[in-house]
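Novice:
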DNA sequence: TTCTTATTTGGCAATTTAACCAAATAAGAA
DNA sequence: TTCTTATTTGGTTAAATTGCCAAATAAGAA
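Residue numbers (the working numbering), protein chains in the order written: chain C, 1 to 114; chain S, 115 to 228.
The structure is reproduced here in structure tokens:
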């Protein structure tokens, strides 16, 4: 990898890292439907407000969500819709992994009943 | 988030985490074209063999790549082709971020020349 | 068997990440 | 201004990640 390639893959990795956390994936899922305040997301997630606020700032810095202040509340919304396809692919991987697991299980169960 | 939701988002996050590293993204990119041995990838990346081997095992455990031994060498190949669309989306985010940066720059440069 | 090449595993040090609490800040309402 | 609500920031601690070295393992060649 030369310097340019390193820069490119680091830039990609930084965005993917921003998504690589259960709470942040949940947030992305929620924001697909509608904008939400920090408070609403905090309640849904069930963590400390400061924790959720920090998750949101990670997503914002990565350019995945954007925020808009209305009164004292801050509404967050999804900035990049293609993130959805993204999740679809992850589901494919999970499905494939699960199928592999099932095959292992069915194999062993068969042997046991024979 | 209830227990099932937590499980779901954790499963997704685990796969995304496996991709969230520059060297591993590079590996995925390389494997799109053809299968590669640990040695080949190690040379391309320019890190320790053990480091690359561990990156590959992270990708393998996540179900993203699979391996096949031929003689003393181990060939790794991409297991889930949809990972490509995935990267496409990441590029969109980067592009959007870059455009935002450019706007900031053009704004300031204009002001300065006025 | 012994030697060589290719890869994986174990272990350690350095860095990064994540969660909570407490304190600071922002915007209105009283 | 003072009070209240909503959010962010700072700080601390625990856990996870990464990279390299050294050693172990695997497969074939001599």
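Using N, Cα and C, we set each Cβ at its ideal position, and we do this for glycine too. Being a predicted model, the structure only gives us computed values, none of them experimental.
Counting contacts by CB-CB distance shorter than 9 Å, is residue 20(C) in contact with chain S?
Specialist: In the first chain, the residue the question calls residue 20(C) occupies position 20. Chain S contact via Cβ: present.
Novice: By the DSSP assignment, the alpha helix (DSSP H) with residue 50(C) in it spans what residues?
Specialist: In the first chain, residue 50(C) corresponds to position 50, counting from 1. That run of the alpha helix (DSSP H) goes 49-61.
Novice: Return the CA-CA distance between residue 212(S) and residue 64(C), expressed in angstroms with no decimal places.
Specialist: In the second chain, residue 212(S) corresponds to position 98, counting from 1. In the first chain, residue 64(C) corresponds to position 64, counting from 1. Going from the Cα of residue 212(S) to the Cα of residue 64(C) covers about 13 Å.
Novice: For residue 10(C), would you say it is in contact with chain S, using Cβ-to-Cβ distances shorter than 9 Å as the test?
Specialist: Here residue 10(C) corresponds to residue number 10 of the first chain, with the count starting at 1. Yes, because at least one Cβ of chain S sits closer than 9 Å to the Cβ of residue 10(C).
Novice: If I follow the unbroken beta strand (DSSP E) through residue 191(S), where does it start and stop?
Specialist: Looking up residue 191(S) in the second chain gives position 77. Residue 191(S) -> beta strand (DSSP E) spans 187-192.
Novice: Could you check the C-alpha separation between residue 153(S) and residue 174(S) for me, to the nearest Å?
Specialist: The sequence position of residue 153(S) within the second chain is 39, counting from 1. The sequence position of residue 174(S) within the second chain is 60, counting from 1. When rounded, the distance between both Cα atoms is 16 Å.
Novice: How far does the alpha helix (DSSP H) with residue 30(C) in it extend, from its first residue to its last?
Specialist: Indexing the first chain from 1 puts residue 30(C) at position 30. From DSSP, the alpha helix (DSSP H) with residue 30(C) extends over 22-33.
Novice: Whose C-beta lies closer than 8 Å to the C-beta of residue 74(C) among residues of the same chain, with five residues either side of it excluded?
Specialist: Within the first chain, residue 74(C) is the residue found at index 74, counting from 1. Counting only Cβ-Cβ distances below 8 Å, and skipping sequence neighbours, we find 37, 38, 67 and 68.
Novice: Along chain C, in chain order, which residues have C-beta atoms closer than 7 Å to that of residue 144(S)?
Specialist: In the second chain, residue 144(S) corresponds to position 30, counting from 1. Within chain C, no residue comes near residue 144(S); the closest Cβ sits about 10 Å away, beyond 7 Å.
Novice: Straight-line CA distance for residue 105(C) to residue 217(S)?
Specialist: Numbered from its first residue, the first chain carries residue 105(C) at position 105. Numbered from its first residue, the second chain carries residue 217(S) at position 103. Using only the alpha carbons, I get a separation of about 56 Å.
Novice: Please decide whether residue 200(S) counts as near chain C, where near means a Cβ-Cβ distance under 9 Å.
Specialist: The sequence position of residue 200(S) within the second chain is 86, counting from 1. Taking Cβ atoms only, chain C reaches closer than 9 Å to residue 200(S), which makes this a yes.
Novice: Less than 8 Å between the CB atoms is what I'm expecting for residue 198(S) and residue 12(C), so what's the real figure, rounded?
Specialist: Counting from one through the second chain, the residue named residue 198(S) turns up at place 84. Counting from one through the first chain, the residue named residue 12(C) turns up at place 12. Between residue 12(C) and residue 198(S) the Cβ distance is about 13 Å, and since that is not below 8 Å, they are no contact.
Novice: So is residue 135(C) buried or exposed if we call it buried at 16+ other beta carbons inside 10 Å?
Specialist: Lying outside 1 to 114, the shown extent of chain C, residue 135(C) is not represented and no answer is given.
Novice: If contacts are defined as beta-carbon pairs under 8 Å, then residue 130(S) and residue 19(C) qualify, I think. What distance do you get, rounded to the angstrom?
Specialist: To locate residue 130(S), count along the second chain from 1; it is residue 16. To locate residue 19(C), count along the first chain from 1; it is residue 19. With 8 Å as the limit, residue 130(S) and residue 19(C) qualify as a contact, their Cβ atoms being about 5 Å apart.
Novice: Name the chain S residues that come within less than 9 Å of residue 96(C), Cβ to Cβ?
Specialist: Translated into positions along the first chain, residue 96(C) becomes position 96. Going along chain S in sequence order, the residues near residue 96(C) (Cβ under 9 Å) are 177, 193 and 194.
Novice: Taking the alpha-carbon of residue 58(C) as reference, which of 10(C), 90(C), 23(C) and 82(C) has the nearest alpha-carbon?
Specialist: Along the first chain, one-based indexing puts residue 58(C) at 58. The option with the nearest alpha carbon to residue 58(C) is 23(C).
Novice: Once the 5 residues before and after residue 228(S) are set aside, which same chain residues still bring their CB inside 7 Å of it?
Specialist: On the second chain, position 114 is the one that residue 228(S) refers to. Confidence is the limiting factor: at residue 228(S) the pLDDT is only 48, short of 50, which leaves the residue's position unreliable, though a coordinate-based value still follows. The answer is none, since no qualifying residue turns up.
Novice: Could you tell me the distance, in whole angstroms, from the CA atom of residue 155(S) to the CA atom of residue 30(C)?
Specialist: To locate residue 155(S), count along the second chain from 1; it is residue 41. To locate residue 30(C), count along the first chain from 1; it is residue 30. Whole-angstrom Cα-Cα distance: 38 Å.
Novice: Note down, in chain order, each residue of its chain lying with its Cβ closer than 7 Å to the Cβ of residue 44(C), except the 5 sequence neighbours on either side.
Specialist: For the purposes of this step, residue 44(C) is taken as residue 44 along the first chain, with counting starting at 1. The residues are 30.
Novice: Taking C-beta pairs closer than 7 Å, name the residues in chain S that residue 13(C) reaches, listed in chain order.
Specialist: Sequence index remark: in the first chain, residue 13(C) carries index 13 (1-based). Here the neighbours are 134, 135, 136 and 139.
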